[in-house]
Each structure stands twice: as structure tokens, then as C-alpha cells.
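Asks:
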Amino acid sequence: MSKSSPDVDLIVAYDPSFRRNAHQLLAWGYEDARPIIKPTLEETDITGFIAEKIDKRLGDPDTPPRFVRYSIAEDQPVVGEGRTGKSRRRVDLVVECTRGKPRKKYIFEAKRLRKRGYPISKYTDKEGLQQFIFGTAYATQYPEAAMIGYIQSDNYEYWIGELTRKFTESNNGLSIIKELTQVEVIASLPNELVSQHDRSTGSPITVYHILLDCSEISI
Numbered sequence: 042m043s044k045s046s047p048d049v050d051l052i053v054a055y056d057p058s059f060r061r062n063a064h065q066l067l068a069w070g071y072e073d074a075r076p077i078i079k080p081t082l083e084e085t086d087i088t089g090f091i092a093e094k095i096d097k098r099l100g101d102p103d104t105p106p107r108f109v110r111y112s113i114a115e116d117q118p119v120v121g122e123g124r125t126g127k128s129r130r131r132v133d134l135v136v137e138c139t140r141g142k143p144r145k146k147y148i149f150e151a152k153r154l155r156k157r158g159y160p161i162s163k164y165t166d167k168e169g170l171q172q173f174i175f176g177t178a179y180a181t182q183y184p185e186a187a188m189i190g191y192i193q194s195d196n197y198e199y200w201i202g203e204l205t206r207k208f209t210e211s212n213n214g215l216s217i218i219k220e221l222t223q224v225e226v227i228a229s230l231p232n233e234l235v236s237q238h239d240r241s242t243g244s245p246i247t248v249y250h251i252l253l254d255c256s257e258i259s260i
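Position 71, counted from 1, in the sequence shown is what the working numbering calls 112; the numbers after and before it change by one each time, with no gaps.
1. Grab the span of the beta strand (DSSP E) containing Thr247 for me, first residue to last.
2. Starting from Gly214, follow its DSSP beta bridges and name the residues at the other end.
3. Going by beta-carbon coordinates alone, are Leu67 and Ala187 separated by less than 9 angstroms?
4. Beta carbon of Lys94, beta carbon of Ala63: below 9 angstroms?
5. Do Ile113 and Leu134 have their CB atoms nearer than 9 angstroms?
6. Can you give me the start and stop residues for the alpha helix (DSSP H) that Phe208 sits inside?
7. Using CA coordinates, which residue listed in Gly158, Tyr249 and Val226 is at the minimum distance from Ile201?
8. Could you check whether Lys219 and Ser244 sit closer than 9 angstroms to each other, using their CB atoms as the reference points?
9. Just tell me which of Arg98, Lys79, Thr104 and Tyr164 has its CA closest to the CA of Lys328.
10. Quick check: the Cα distance between His238 and Arg140, rounded to an integer number of angstroms?
11. If you run the structure through DSSP and keep just helix, strand and coil, what is Ser162?
12. Can you pull the DSSP bridge partners for Thr222?
13. How many Å lie between Pro102 and Thr222 at the Cα?
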């Protein structure tokens, strides 16, 4: 199989402002949806609530004008893997900017984090982080993407520790180039890490790890 690399124009287009804007939309969506997010919800339900709130923000006249060319989509089918119909894998959230060509897309893959039933291994396995590393069509044309962890038990410190532990395991299947590092893209998403991985396509991908508190809200 021939190796594909990210489009050179897309690499240039993924500048800090595009990254910040994609993160900002996620932060707004999460902030607005937080009152209705419960720790028992499925990942698709949480993602759906966040996407709805992002879409509402995009239609709000008070939203800064730089977002006029942005759109949000959820549960988007992955193209290029040879799968058809319901067998096609799907991306959780896609932020698209229509300014310029090729169009820029920022992909977010989300996973629940809960001690019972949703351990860190489900975040990093072939249905999570490894899709970016070994998928033949999963964001292969983009130089970076993001993982979202919906924290449904314990706290940020626990899950950052679990993710760090997974990264330090031998034979973790993550093809790590650069280890986890704390990063702040925007102030309203403070619990964020970044890592870089080699891909089966031959080009590296930078992955941002965003942890969102989805536990019960204390009154």
C-alpha cells in the first residue's frame, strides 16, 4: 500500500489561530451543555449536546465575526477505507473552516472515562487514539487532531495519571514520537496535554488530549 502524507497546504493552514478557534468552539459547546451532561450518559449523547450548543453559538449574532466561516458536524463517516453503509467508521466531531482551499477540518474523537467499564485502555485502543495512528483514512490528510476524554468518575489528576501510565507502558501500540506534555491552547480548557505519534501512512500526527469534567454537578 502506498503511503500518503498530509497536504502541504493543510500543514501550513493548521496555524495556531485555527487550532485556537476549533478549541474555542469546543469550549463554548461544553460550557453551554454542561448543565445537562450527566455521568451516566453515553458518549454519543454528550457529543450530541455539545454539537448542538456549538451550532447555536455559530448562529448567535454576538459570536465573534471570525467564526462566520466555521461549521460543526458530528458522527461523520470516514471515507477512503473501502467500507460502505453502516460499516463505515465515524468521526465524533468535525470543525470545518471554509476559508481557503483545501478546506480545513479539525477532528475530535471522544471517549468516556470511568473506572467501571471505560478505563484508559478504551481511550487509547484501536477505537480511540490508535485510529489516528493506524487508520488508513482516519485524519490521514491532517497534521493534527484531538482526543476528548469525558470524565465520568474520579478527577483530572487521576485520568492524567492513567494516560501517563499508558504512555509509559512497553508495547502500548502508540508509536510515540514525542511524549505527553502539558499545554494550554486556550485558558478555558486548562486540563490539556499534547503528544506526537508516527502513523502507518508514514507521516506524524500531533494529538491534543482534552479532558472534560462530565461528573455529577454539586449543588
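All C-beta atoms, glycine included, are put in the ideal place defined by N, C-alpha and C.
Replies: Put simply:
1. Ile246 to Asp254
2. Bridge partners of Gly214: none, in fact.
3. yes
4. no
5. yes
6. Tyr197 to Thr209
7. Tyr249
8. no
9. With the chain covering only 42 through 260, there is no way to say anything about residue 328.
10. 28 angstroms
11. helix
12. Val235
13. 37 angstroms
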